[in-house]
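Trainee: So the sequence shown is numbered by our numbering: it starts at 620 and just counts up by one. Note that CB positions come from ideal geometry on N, CA and C, so glycine has one too.
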Amino acid sequence: MKTILPVLAALLLAGATTHSLAHGDDPKTGKAAALAKEQKEWGIAGDARSVTRTVTLTMDDNMRFSPDRLSFRQGETVRFVIRNRGKLLHELVIGTKKELDEHAAMMVKFPGMAHDEPYMAHVSAGKTGGLIWTFNRAGEFDFACLIAGHYQAGMVGKISVAAASR
620 MKTILPVLAA LLLAGATTHS LAHGDDPKTG KAAALAKEQK EWGIAGDARS VTRTVTLTMD
680 DNMRFSPDRL SFRQGETVRF VIRNRGKLLH ELVIGTKKEL DEHAAMMVKF PGMAHDEPYM
740 AHVSAGKTGG LIWTFNRAGE FDFACLIAGH YQAGMVGKIS VAAASR
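If you want it as structure tokens, here you go:
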């Protein structure tokens, strides 16, 4: 037990330095907290000044997104306006199928798990939320609501990012 505690503490400290900062206000300044930009396979956190397109998505308690298929060009910075027309909390999480499958499994085990990354937005019932994302890599990606049971009920969508023209 004596050797496990220092190892556990080291792992926790190492993990704390690699996570993105959460959305929300800085408790010291009251201003929006900065997000650490981390390159993902499906892109990187976008900047409001770089938005080239706005897409509105709706979510509802039928466990569906509308639209559920999106197409972008590599290099586009997209502002997502996300409307929750349901009576339940929903979220939009962008990623690869593998990443979403893994995250969804964790959400089933730990439904109250706190998670907040620049590629996800939690939207309360009847509210509107948003996120800004830069699709700087071409490929086929996914989005989903990972609230326990929602993903499993088919609350998913597809994103196609075409390579930039040369």
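On the DSSP letters alone, give me the boundaries of the beta strand (DSSP E) that M732 sits inside.
Mentor: Where M732 is concerned, there is no enclosing beta strand (DSSP E), given that its DSSP letter is neither H nor E.
Trainee: Among the residues of its own chain, which have a CB less than 7 Å from the CB of A662, if the five just before and after it don't count?
Mentor: Reading the sequence as shown, one finds Gly at residue 662 and not Ala. So the list reads W752, T753, F754, N755, R756, once near-sequence residues are dropped.
Trainee: How would you write the range of the beta strand (DSSP E) that N805 sits in, first residue to last?
Mentor: What is shown of the chain runs 620 to 785, which leaves residue 805 out entirely.
Trainee: Would you decide whether P737 is buried or exposed? Buried here means 16 or more other CB atoms lie within 10 Å of its CB.
Mentor: So P737 counts as buried.
Trainee: Should T696 go down as buried or exposed, given a rule of 16 or more other Cβ atoms within 10 Å for buried?
Mentor: With 16 or more Cβ atoms within 10 Å of its Cβ, T696 is classed as buried.
Trainee: Can you give me the start and stop residues for the beta strand (DSSP E) that K777 sits inside?
Mentor: First-last of the beta strand (DSSP E) with K777: 775-781.
Trainee: Within 10 angstroms of its Cβ, does K583 collect 16 or more other Cβ (buried), or is it exposed?
Mentor: Beyond the ends of the chain as shown, which are 620 and 785, falls residue 583; an answer cannot be given.
Trainee: For H769, which of helix, strand or coil comes out of DSSP?
Mentor: The answer is coil: DSSP assigns H769 none of H, G, I, E or B.
Trainee: Let me know the beta strand (DSSP E) ranges lying completely inside the region 649-689, each 3 residues or longer, listed in chain order.
Mentor: List check, beta strand (DSSP E) in window: 672-679, 683-685.
Trainee: Taking 7 Å as the cut-off, does the CB of P737 come closer than this to any heavy atom belonging to the ligand COA?
Mentor: Among the components modelled here there is no ligand, and therefore nothing to report on the ligand COA.
Trainee: Classify D645 as buried or exposed, calling it buried when 16 or more other Cβ atoms lie within 10 Å of its own Cβ.
Mentor: At D645, the pLDDT of 40 sits below 50, so the modelled position is not reliable; the number obtained from the coordinates is stated separately. Under this definition D645 is an exposed residue.
Trainee: Quick test of the definition: if touching needs 3 or more C-beta pairs under 8 Å, does the region 663-674 touch the region 711-720?
Mentor: The region 663-674, when compared against the region 711-720, does not touch it at the 8 Å Cβ threshold.
Trainee: Please classify G773 as buried or exposed, where buried requires at least 16 other C-beta atoms within 10 Å of its C-beta.
Mentor: The residue in question, G773, is exposed, as its Cβ has fewer than 16 Cβ neighbours within 10 Å.
Trainee: Hey, how far is the Cα of N703 from the Cα of M725?
Mentor: Distance between the alpha carbons of N703 and M725 is about 23 Å.
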